[in-house]
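Here this note's numbering is used: the first residue of the sequence shown is 1, the next is one more, and so on.
Here the structure comes first, spelled out in C-alpha coordinates, and everything after it is commentary.
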Amino acid sequence: MESQWGDGGSVDLDDTRLEELSPQPLLTRDYETRPALVYERLRQQHGPVAPVDLLGVPAWLVLGYREALQVLQDNDGFPKGLENWRARSEGRVPADWPLGPSLEVNHILIQGGPGYRPLRTAWDVALKPFQDPRHPQAKRLKAAVTAYADELITLVGQGGKTGVADLSAQFSRPLPLMVASHLLGFPGSQGDDALMDMWRVLDAGPDAEAALERLLVTLAELAATKLEKPGDDFPSYLLAAHPDLSLDHLARELFMLLGMTSDHVGILISNTVVEVISGEGSVRASLSAGMVREAMNRSVMRKPPLVNFVPRFAAEDTRLGNYTIRAGDPVWVSSAAAHADPLFADHVASGTTISTRAHLSWGAGPRQCPARELASTVAAAGVGRLFERFDYLDLALPADQLPWRSSPFMRGLRSLPVRYELSAAPARPSANGPTPETAEEVLPDRSARQRSSLWRYLTGLIRGGR
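Dropping the structure here:
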(Lines of atoms letter the chains of each structure in order from A; the text may use other names.)
(Lines give C-alpha, C1' and ligand atoms only; values in the text may rest on other atoms or scores of the structure.)
Protein backbone atom coordinates (compact mmCIF):
# COMPACT_ATOMS: atom_id res chain seq x y z
CA MET A 1 0.00 0.00 0.00
CA GLU A 2 1.06 3.61 -0.49
CA SER A 3 0.60 6.89 1.36
CA GLN A 4 0.96 10.53 0.36
CA TRP A 5 3.07 12.88 2.49
CA GLY A 6 5.66 15.65 2.29
CA ASP A 7 5.79 17.03 -1.22
CA GLY A 8 3.12 14.67 -2.47
CA GLY A 9 5.48 11.86 -3.45
CA SER A 10 4.33 8.33 -2.65
CA VAL A 11 6.19 6.03 -0.29
CA ASP A 12 5.68 2.45 0.80
CA LEU A 13 3.90 1.98 4.10
CA ASP A 14 6.01 0.16 6.68
CA ASP A 15 4.31 -2.74 8.46
CA THR A 16 7.26 -3.39 10.78
CA ARG A 17 6.18 -3.64 14.40
CA LEU A 18 7.25 -0.89 16.77
CA GLU A 19 9.25 -3.32 18.92
CA GLU A 20 11.29 -4.39 15.89
CA LEU A 21 12.28 -0.92 14.69
CA SER A 22 15.03 -0.12 17.28
CA PRO A 23 14.03 3.57 17.42
CA GLN A 24 16.54 6.23 18.42
CA PRO A 25 16.23 8.01 21.79
CA LEU A 26 14.16 11.20 21.71
CA LEU A 27 15.18 12.82 25.01
CA THR A 28 18.79 13.62 24.12
CA ARG A 29 21.01 16.65 24.68
CA ASP A 30 19.98 17.88 21.22
CA TYR A 31 16.33 17.66 22.28
CA GLU A 32 17.09 19.65 25.42
CA THR A 33 18.75 22.49 23.51
CA ARG A 34 17.30 22.34 19.97
CA PRO A 35 14.07 20.31 19.88
CA ALA A 36 12.97 21.81 16.55
CA LEU A 37 15.99 20.27 14.82
CA VAL A 38 15.23 16.88 16.39
CA TYR A 39 11.62 17.02 15.18
CA GLU A 40 12.74 18.02 11.69
CA ARG A 41 15.32 15.23 11.55
CA LEU A 42 12.66 12.69 12.49
CA ARG A 43 10.28 14.16 9.91
CA GLN A 44 12.85 13.89 7.15
CA GLN A 45 13.64 10.29 8.06
CA HIS A 46 10.15 8.93 8.80
CA GLY A 47 7.51 11.40 7.59
CA PRO A 48 4.65 12.62 9.82
CA VAL A 49 4.87 9.74 12.33
CA ALA A 50 8.15 8.45 13.76
CA PRO A 51 9.21 5.64 16.11
CA VAL A 52 11.14 6.97 19.11
CA ASP A 53 12.66 5.63 22.30
CA LEU A 54 11.39 7.33 25.48
CA LEU A 55 13.94 6.49 28.16
CA GLY A 56 13.98 2.83 27.20
CA VAL A 57 10.35 2.44 26.09
CA PRO A 58 9.42 2.53 22.36
CA ALA A 59 6.55 4.77 21.23
CA TRP A 60 5.16 6.52 18.16
CA LEU A 61 5.64 10.29 17.97
CA VAL A 62 3.17 12.20 15.76
CA LEU A 63 4.91 15.06 13.97
CA GLY A 64 2.36 15.99 11.29
CA TYR A 65 -0.39 18.53 11.93
CA ARG A 66 -3.00 16.58 9.97
CA GLU A 67 -2.08 13.33 11.70
CA ALA A 68 -2.10 15.07 15.09
CA LEU A 69 -5.66 16.22 14.49
CA GLN A 70 -6.62 12.73 13.37
CA VAL A 71 -5.40 11.23 16.65
CA LEU A 72 -6.67 13.98 18.96
CA GLN A 73 -10.14 14.06 17.42
CA ASP A 74 -10.65 10.27 17.36
CA ASN A 75 -11.18 9.33 20.99
CA ASP A 76 -12.53 5.89 20.03
CA GLY A 77 -9.70 5.03 17.66
CA PHE A 78 -6.98 6.45 19.95
CA PRO A 79 -8.28 6.33 23.53
CA LYS A 80 -6.40 7.32 26.66
CA GLY A 81 -6.01 5.03 29.66
CA LEU A 82 -2.95 2.96 30.54
CA GLU A 83 -5.10 -0.16 30.51
CA ASN A 84 -4.99 0.12 26.70
CA TRP A 85 -1.18 -0.10 26.59
CA ARG A 86 -0.24 -3.57 25.31
CA ALA A 87 3.42 -3.48 26.39
CA ARG A 88 2.43 -2.47 29.92
CA SER A 89 -0.17 -5.24 30.15
CA GLU A 90 2.47 -7.73 29.00
CA GLY A 91 4.96 -6.53 31.62
CA ARG A 92 7.39 -5.00 29.12
CA VAL A 93 7.46 -1.51 30.69
CA PRO A 94 10.19 -1.36 33.36
CA ALA A 95 8.94 -0.85 36.90
CA ASP A 96 11.46 1.96 37.38
CA TRP A 97 10.67 3.74 34.09
CA PRO A 98 11.24 7.45 34.88
CA LEU A 99 7.99 8.55 33.24
CA GLY A 100 5.94 5.95 35.06
CA PRO A 101 5.06 7.97 38.19
CA SER A 102 3.66 10.91 36.23
CA LEU A 103 1.46 8.61 34.11
CA GLU A 104 0.34 6.25 36.87
CA VAL A 105 -1.50 8.99 38.81
CA ASN A 106 -4.96 8.40 37.36
CA HIS A 107 -6.64 11.79 36.87
CA ILE A 108 -8.61 13.67 34.21
CA LEU A 109 -5.68 13.97 31.76
CA ILE A 110 -4.75 10.29 31.98
CA GLN A 111 -7.97 8.42 32.66
CA GLY A 112 -9.77 6.40 30.01
CA GLY A 113 -12.62 3.90 30.10
CA PRO A 114 -16.20 4.42 31.28
CA GLY A 115 -15.15 6.50 34.30
CA TYR A 116 -13.86 9.35 32.15
CA ARG A 117 -17.15 10.73 30.86
CA PRO A 118 -18.80 11.43 34.26
CA LEU A 119 -15.51 12.83 35.52
CA ARG A 120 -15.17 15.17 32.53
CA THR A 121 -18.78 16.29 32.90
CA ALA A 122 -18.11 17.09 36.56
CA TRP A 123 -14.98 19.05 35.61
CA ASP A 124 -16.92 21.10 33.07
CA VAL A 125 -19.62 21.88 35.63
CA ALA A 126 -17.12 22.74 38.37
CA LEU A 127 -15.02 25.00 36.12
CA LYS A 128 -17.93 26.86 34.52
CA PRO A 129 -18.31 29.45 37.32
CA PHE A 130 -14.64 30.38 36.88
CA GLN A 131 -14.66 30.36 33.06
CA ASP A 132 -17.99 32.07 32.37
CA PRO A 133 -17.25 35.83 32.51
CA ARG A 134 -20.83 36.52 33.59
CA HIS A 135 -20.44 34.52 36.80
CA PRO A 136 -19.36 36.25 40.06
CA GLN A 137 -16.65 33.64 40.62
CA ALA A 138 -15.06 34.45 37.25
CA LYS A 139 -15.00 38.15 38.17
CA ARG A 140 -13.44 37.37 41.55
CA LEU A 141 -10.85 35.16 39.86
CA LYS A 142 -9.83 37.94 37.49
CA ALA A 143 -9.66 40.31 40.45
CA ALA A 144 -7.41 37.82 42.22
CA VAL A 145 -5.06 37.61 39.23
CA THR A 146 -4.69 41.39 39.12
CA ALA A 147 -4.27 41.67 42.90
CA TYR A 148 -1.63 38.93 43.04
CA ALA A 149 0.14 40.39 40.01
CA ASP A 150 0.27 43.76 41.75
CA GLU A 151 1.72 42.12 44.87
CA LEU A 152 4.48 40.47 42.88
CA ILE A 153 5.27 43.58 40.83
CA THR A 154 5.40 45.71 43.97
CA LEU A 155 7.79 43.19 45.50
CA VAL A 156 10.03 43.45 42.41
CA GLY A 157 9.93 47.22 42.89
CA GLN A 158 11.43 46.84 46.35
CA GLY A 159 14.68 46.06 44.55
CA GLY A 160 14.55 49.51 42.98
CA LYS A 161 12.39 51.45 40.56
CA THR A 162 14.84 50.42 37.86
CA GLY A 163 16.99 47.34 37.71
CA VAL A 164 17.22 43.74 36.55
CA ALA A 165 14.76 41.02 37.57
CA ASP A 166 14.07 37.39 36.71
CA LEU A 167 10.43 37.59 35.61
CA SER A 168 10.16 33.81 35.52
CA ALA A 169 11.05 33.25 39.18
CA GLN A 170 9.58 36.54 40.44
CA PHE A 171 6.37 36.71 38.41
CA SER A 172 5.49 34.08 35.79
CA ARG A 173 5.88 31.02 38.01
CA PRO A 174 4.49 32.27 41.35
CA LEU A 175 1.48 34.09 39.85
CA PRO A 176 -0.45 31.05 38.56
CA LEU A 177 0.41 29.12 41.73
CA MET A 178 -1.08 31.91 43.83
CA VAL A 179 -4.17 32.01 41.64
CA ALA A 180 -4.45 28.21 41.87
CA SER A 181 -4.43 28.53 45.66
CA HIS A 182 -7.39 30.91 45.34
CA LEU A 183 -9.12 28.50 42.98
CA LEU A 184 -8.63 25.56 45.33
CA GLY A 185 -9.97 27.53 48.28
CA PHE A 186 -6.95 27.36 50.57
CA PRO A 187 -7.78 29.52 53.60
CA GLY A 188 -5.60 32.63 53.93
CA SER A 189 -1.99 31.94 53.00
CA GLN A 190 -2.19 28.31 54.12
CA GLY A 191 -1.64 27.10 50.59
CA ASP A 192 1.73 28.84 50.17
CA ASP A 193 3.73 25.92 51.58
CA ALA A 194 1.84 23.57 49.26
CA LEU A 195 2.69 25.86 46.35
CA MET A 196 6.38 25.65 47.18
CA ASP A 197 6.11 21.86 47.26
CA MET A 198 4.40 21.93 43.86
CA TRP A 199 7.34 23.97 42.60
CA ARG A 200 9.78 21.35 43.93
CA VAL A 201 7.82 18.56 42.24
CA LEU A 202 7.80 20.38 38.90
CA ASP A 203 11.55 21.03 39.09
CA ALA A 204 12.16 17.29 39.74
CA GLY A 205 15.08 18.01 42.06
CA PRO A 206 16.47 15.80 44.83
CA ASP A 207 13.70 16.84 47.23
CA ALA A 208 10.88 16.25 44.72
CA GLU A 209 9.81 12.88 46.14
CA ALA A 210 9.43 14.18 49.70
CA ALA A 211 7.67 17.28 48.37
CA LEU A 212 5.20 15.14 46.44
CA GLU A 213 4.36 13.12 49.55
CA ARG A 214 3.75 16.28 51.58
CA LEU A 215 1.71 17.83 48.79
CA LEU A 216 -0.61 14.84 48.39
CA VAL A 217 -1.19 14.78 52.15
CA THR A 218 -2.00 18.51 52.11
CA LEU A 219 -4.39 18.11 49.19
CA ALA A 220 -6.11 15.14 50.85
CA GLU A 221 -6.59 17.24 53.98
CA LEU A 222 -7.99 20.07 51.84
CA ALA A 223 -10.35 17.63 50.12
CA ALA A 224 -11.59 16.38 53.50
CA THR A 225 -12.19 19.98 54.61
CA LYS A 226 -14.23 20.75 51.49
CA LEU A 227 -16.29 17.60 51.95
CA GLU A 228 -17.14 18.65 55.50
CA LYS A 229 -17.55 22.37 54.80
CA PRO A 230 -18.03 23.22 51.09
CA GLY A 231 -17.16 26.68 49.81
CA ASP A 232 -17.21 28.71 46.62
CA ASP A 233 -14.19 26.96 45.14
CA PHE A 234 -13.27 24.31 42.60
CA PRO A 235 -12.96 21.31 44.98
CA SER A 236 -16.39 21.98 46.45
CA TYR A 237 -17.96 22.38 43.03
CA LEU A 238 -16.30 19.20 41.76
CA LEU A 239 -17.57 17.21 44.76
CA ALA A 240 -21.08 18.59 44.24
CA ALA A 241 -21.00 17.59 40.56
CA HIS A 242 -19.47 14.15 41.25
CA PRO A 243 -20.50 13.06 44.78
CA ASP A 244 -19.04 9.57 44.26
CA LEU A 245 -15.46 10.88 44.13
CA SER A 246 -13.33 9.45 46.93
CA LEU A 247 -11.09 11.85 48.85
CA ASP A 248 -8.05 10.13 47.33
CA HIS A 249 -9.41 10.63 43.82
CA LEU A 250 -10.32 14.25 44.55
CA ALA A 251 -6.78 14.87 45.82
CA ARG A 252 -5.39 13.48 42.53
CA GLU A 253 -7.63 15.83 40.53
CA LEU A 254 -6.51 18.80 42.64
CA PHE A 255 -2.88 17.78 42.13
CA MET A 256 -3.40 17.72 38.37
CA LEU A 257 -5.08 21.13 38.35
CA LEU A 258 -2.42 22.68 40.56
CA GLY A 259 0.51 21.21 38.65
CA MET A 260 -0.72 21.51 35.09
CA THR A 261 -2.25 24.96 35.46
CA SER A 262 0.74 26.43 37.25
CA ASP A 263 3.45 25.07 34.94
CA HIS A 264 1.51 25.58 31.71
CA VAL A 265 0.31 29.08 32.58
CA GLY A 266 3.68 30.13 33.99
CA ILE A 267 5.44 29.13 30.77
CA LEU A 268 2.72 30.81 28.70
CA ILE A 269 3.18 34.09 30.59
CA SER A 270 6.97 34.08 30.13
CA ASN A 271 6.76 33.13 26.47
CA THR A 272 4.20 35.84 25.78
CA VAL A 273 6.36 38.45 27.49
CA VAL A 274 9.28 37.41 25.26
CA GLU A 275 6.99 37.50 22.22
CA VAL A 276 6.00 41.09 22.98
CA ILE A 277 9.44 42.38 24.02
CA SER A 278 11.37 40.82 21.14
CA GLY A 279 8.64 41.08 18.53
CA GLU A 280 8.17 43.55 15.73
CA GLY A 281 6.40 46.84 16.21
CA SER A 282 3.08 45.25 15.24
CA VAL A 283 3.32 42.96 18.27
CA ARG A 284 3.76 45.87 20.67
CA ALA A 285 1.01 47.76 18.88
CA SER A 286 -1.38 44.85 19.26
CA LEU A 287 -0.67 44.72 23.00
CA SER A 288 -1.19 48.45 23.46
CA ALA A 289 -4.50 48.02 21.67
CA GLY A 290 -5.53 45.49 24.31
CA MET A 291 -4.94 42.41 22.17
CA VAL A 292 -2.96 40.39 24.69
CA ARG A 293 -4.55 37.14 23.56
CA GLU A 294 -3.30 37.64 20.02
CA ALA A 295 0.24 37.86 21.38
CA MET A 296 -0.46 34.67 23.34
CA ASN A 297 -1.71 32.91 20.21
CA ARG A 298 1.47 33.85 18.34
CA SER A 299 3.53 32.64 21.27
CA VAL A 300 1.91 29.20 21.50
CA MET A 301 2.21 28.73 17.77
CA ARG A 302 5.98 29.18 17.95
CA LYS A 303 6.65 27.74 21.40
CA PRO A 304 3.76 25.80 22.94
CA PRO A 305 4.29 25.15 26.67
CA LEU A 306 2.93 21.60 26.38
CA VAL A 307 5.13 20.20 23.61
CA ASN A 308 4.05 16.53 23.83
CA PHE A 309 0.67 15.31 25.05
CA VAL A 310 0.24 12.33 27.36
CA PRO A 311 -0.01 9.10 25.36
CA ARG A 312 -3.00 7.62 23.62
CA PHE A 313 -3.20 4.04 22.40
CA ALA A 314 -4.37 2.58 19.10
CA ALA A 315 -7.64 0.71 19.60
CA GLU A 316 -6.90 -1.45 16.54
CA ASP A 317 -4.27 -1.73 13.81
CA THR A 318 -4.34 1.66 12.08
CA ARG A 319 -2.51 3.28 9.19
CA LEU A 320 -0.97 6.57 10.34
CA GLY A 321 1.64 8.41 8.33
CA ASN A 322 3.93 5.85 6.72
CA TYR A 323 3.50 3.16 9.36
CA THR A 324 0.99 0.67 10.68
CA ILE A 325 0.22 1.45 14.32
CA ARG A 326 -0.64 -1.83 16.06
CA ALA A 327 -3.45 -2.15 18.58
CA GLY A 328 -2.13 -1.15 22.00
CA ASP A 329 0.84 0.86 20.69
CA PRO A 330 1.49 4.14 22.57
CA VAL A 331 1.02 7.25 20.43
CA TRP A 332 2.41 10.60 21.62
CA VAL A 333 1.22 13.70 19.77
CA SER A 334 3.77 16.53 19.58
CA SER A 335 2.07 19.90 19.30
CA ALA A 336 5.46 21.60 18.86
CA ALA A 337 6.33 19.38 15.90
CA ALA A 338 2.83 19.68 14.40
CA HIS A 339 3.01 23.49 14.50
CA ALA A 340 6.28 23.28 12.54
CA ASP A 341 4.87 20.87 9.94
CA PRO A 342 5.52 22.62 6.59
CA LEU A 343 2.10 21.49 5.32
CA PHE A 344 0.59 23.59 8.12
CA ALA A 345 3.19 26.25 8.99
CA ASP A 346 3.59 27.42 5.38
CA HIS A 347 -0.07 28.44 5.39
CA VAL A 348 0.20 30.51 8.59
CA ALA A 349 0.91 34.17 7.83
CA SER A 350 3.73 35.66 9.89
CA GLY A 351 4.14 39.24 11.05
CA THR A 352 0.43 39.98 11.13
CA THR A 353 -1.44 41.60 14.01
CA ILE A 354 -4.13 38.92 13.97
CA SER A 355 -2.76 35.44 14.62
CA THR A 356 -4.13 32.02 13.86
CA ARG A 357 -6.11 30.14 16.48
CA ALA A 358 -5.49 26.79 14.81
CA HIS A 359 -2.78 25.89 17.32
CA LEU A 360 -2.93 22.66 19.29
CA SER A 361 -1.67 24.08 22.59
CA TRP A 362 -4.84 22.99 24.40
CA GLY A 363 -5.35 19.83 22.36
CA ALA A 364 -8.31 19.23 20.06
CA GLY A 365 -11.41 17.11 19.90
CA PRO A 366 -13.54 15.79 22.78
CA ARG A 367 -10.59 15.68 25.20
CA GLN A 368 -9.44 19.24 24.67
CA CYS A 369 -8.20 20.77 27.93
CA PRO A 370 -11.22 21.54 30.14
CA ALA A 371 -9.42 24.48 31.81
CA ARG A 372 -8.19 26.18 28.64
CA GLU A 373 -10.32 29.33 29.08
CA LEU A 374 -9.38 29.58 32.73
CA ALA A 375 -5.67 29.26 31.95
CA SER A 376 -5.90 31.77 29.08
CA THR A 377 -7.69 34.27 31.31
CA VAL A 378 -5.06 34.00 34.04
CA ALA A 379 -2.18 34.36 31.58
CA ALA A 380 -3.76 37.27 29.68
CA ALA A 381 -4.63 39.18 32.85
CA GLY A 382 -1.15 38.65 34.27
CA VAL A 383 0.64 39.76 31.09
CA GLY A 384 -1.67 42.73 30.70
CA ARG A 385 -1.04 43.93 34.25
CA LEU A 386 2.71 43.51 33.82
CA PHE A 387 2.83 45.90 30.89
CA GLU A 388 0.50 48.33 32.66
CA ARG A 389 2.80 48.57 35.68
CA PHE A 390 6.17 48.81 33.91
CA ASP A 391 7.12 51.81 31.79
CA TYR A 392 10.01 49.86 30.29
CA LEU A 393 10.80 46.17 29.87
CA ASP A 394 13.56 44.67 27.76
CA LEU A 395 15.41 41.38 27.69
CA ALA A 396 18.67 41.35 29.62
CA LEU A 397 19.94 38.61 27.28
CA PRO A 398 19.52 38.16 23.51
CA ALA A 399 16.39 36.11 22.85
CA ASP A 400 18.43 33.26 21.36
CA GLN A 401 20.52 33.01 24.55
CA LEU A 402 17.64 32.60 27.00
CA PRO A 403 18.01 29.35 28.98
CA TRP A 404 15.34 26.69 28.37
CA ARG A 405 14.28 23.61 30.32
CA SER A 406 12.75 20.65 28.52
CA SER A 407 10.88 17.63 29.79
CA PRO A 408 9.00 14.86 27.96
CA PHE A 409 5.87 17.01 28.26
CA MET A 410 6.71 20.68 28.85
CA ARG A 411 9.25 23.21 27.58
CA GLY A 412 9.76 26.58 29.22
CA LEU A 413 12.34 29.14 30.25
CA ARG A 414 14.59 28.42 33.21
CA SER A 415 14.81 32.14 33.80
CA LEU A 416 13.66 35.34 32.13
CA PRO A 417 16.14 38.13 32.95
CA VAL A 418 14.82 41.58 32.06
CA ARG A 419 15.83 45.19 32.55
CA TYR A 420 12.90 47.18 33.85
CA GLU A 421 11.65 50.59 34.86
CA LEU A 422 8.63 50.61 37.13
CA SER A 423 5.94 53.24 36.61
CA ALA A 424 6.27 56.26 38.90
CA ALA A 425 2.78 55.65 40.26
CA PRO A 426 0.97 52.30 40.20
CA ALA A 427 -1.41 52.20 37.27
CA ARG A 428 -5.05 51.92 38.19
CA PRO A 429 -6.55 48.58 37.21
CA SER A 430 -8.43 48.62 33.94
CA ALA A 431 -12.20 48.95 33.89
CA ASN A 432 -12.51 45.19 34.23
CA GLY A 433 -9.95 44.98 37.06
CA PRO A 434 -10.63 44.78 40.78
CA THR A 435 -11.80 47.63 42.95
CA PRO A 436 -9.70 48.18 46.09
CA GLU A 437 -12.43 46.51 48.16
CA THR A 438 -12.43 43.48 45.87
CA ALA A 439 -8.63 43.25 45.99
CA GLU A 440 -8.70 43.21 49.79
CA GLU A 441 -11.24 40.38 49.66
CA VAL A 442 -9.09 38.13 47.48
CA LEU A 443 -5.71 38.82 49.10
CA PRO A 444 -4.77 36.74 52.16
CA ASP A 445 -3.73 38.34 55.44
CA ARG A 446 -0.48 40.18 54.69
CA SER A 447 1.26 39.31 57.97
CA ALA A 448 0.50 35.62 57.39
CA ARG A 449 1.71 35.92 53.81
CA GLN A 450 5.00 37.39 54.96
CA ARG A 451 5.54 34.37 57.21
CA SER A 452 4.90 31.86 54.40
CA SER A 453 7.70 29.94 52.71
CA LEU A 454 6.67 31.26 49.29
CA TRP A 455 6.94 34.87 50.36
CA ARG A 456 10.24 34.31 52.18
CA TYR A 457 11.59 32.77 48.97
CA LEU A 458 10.43 35.67 46.79
CA THR A 459 11.75 38.24 49.25
CA GLY A 460 15.06 36.41 49.26
CA LEU A 461 15.30 36.85 45.50
CA ILE A 462 15.02 40.62 45.95
CA ARG A 463 17.64 40.75 48.69
CA GLY A 464 19.95 38.44 46.79
CA GLY A 465 19.80 40.66 43.71
CA ARG A 466 20.93 43.78 45.52
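Backbone N, C-alpha and C fix where the C-beta goes; we use that ideal spot for every residue, glycine too.
Bridge partners of Met-410 according to DSSP: Leu-306.
In this structure, Ser-453 lies near Asp-193, with their beta-carbon atoms less than 8 Å apart.
The beta carbons of Leu-402 and Leu-413 sit about 6 Å from each other, so the pair counts as a contact at 8 Å.
For Ala-50, the enclosing beta strand (DSSP E) stretches over residues 49-54. Judged by DSSP secondary structure, Ala-381 falls outside any beta strand (DSSP E) and instead within the alpha helix (DSSP H) spanning 372-389. Taking 8 Å as the cut-off, the beta carbon of Val-145 is found closer than this to the beta carbon of Val-179.
Annotated as proximal: Met-410 and Leu-306, with beta-carbon spacing under 8 Å. Under the 10 Å beta carbon count, Thr-272 is surrounded by 16 or more other beta carbons and is classified as buried.
Spanning the alpha carbons of Leu-141 and Leu-183 requires a straight line of approximately 8 Å. Between the alpha carbons of Asn-308 and Ala-424 lies a gap of roughly 43 Å.
Beta-bridge partners assigned by DSSP to Tyr-420: Gly-163 and Leu-393. In this structure, the alpha-carbon of Gly-321 lies about 40 Å from that of Gly-382. Looking at the DSSP output, Asp-14 sits in a beta bridge with Tyr-323. In the DSSP annotation of this structure, the continuous segment of the alpha helix (DSSP H) that includes Leu-227 starts and ends at 208-228. In the assembly as shown, Ala-240 is an exposed residue. Its beta-carbon has fewer than 16 other beta-carbons within 10 Å.
Its chain contains Leu-63, Ser-334, Ala-336, Ala-337 and Ala-340 as the residues whose beta carbon lies nearer than 8 Å to that of Tyr-39, once the 5 sequence neighbours on both sides are disregarded; these appear in chain order. Shown here, Pro-133 sits in coil according to DSSP, grouped into three states, outside any helix or strand. Closest option to Leu-82, judged by alpha-carbon separation, among Ser-278, Glu-373 and Asp-329: Asp-329. The beta-carbon separation of Ala-251 and Leu-219, rounded to 4 Å, stays under the 8 Å limit for a contact. Fewer than three pairs of CB atoms, one per stretch, sit closer than 8 Å, so the stretch 362-373 makes no contact with the stretch 159-167. Take the alpha-carbon of Val-292 and the one of Gln-111: they are about 33 Å apart.
A straight-line Cα-Cα distance of about 43 Å links Trp-332 and Leu-422. About 4 Å separates the CB atoms of Ser-278 and Ala-399; that is less than 8 Å, so the two are in contact. Apart from the 5 residues on each side of it in sequence, Pro-235 sits with its Cβ closer than 7 Å to the Cβ of Leu-184, Gly-185, Leu-222, Ala-223, Lys-226, Leu-250 and Leu-254 in its chain, given in chain order. Put simply, the backbone Cα of Trp-60 is about 41 Å away from that of Ala-149.
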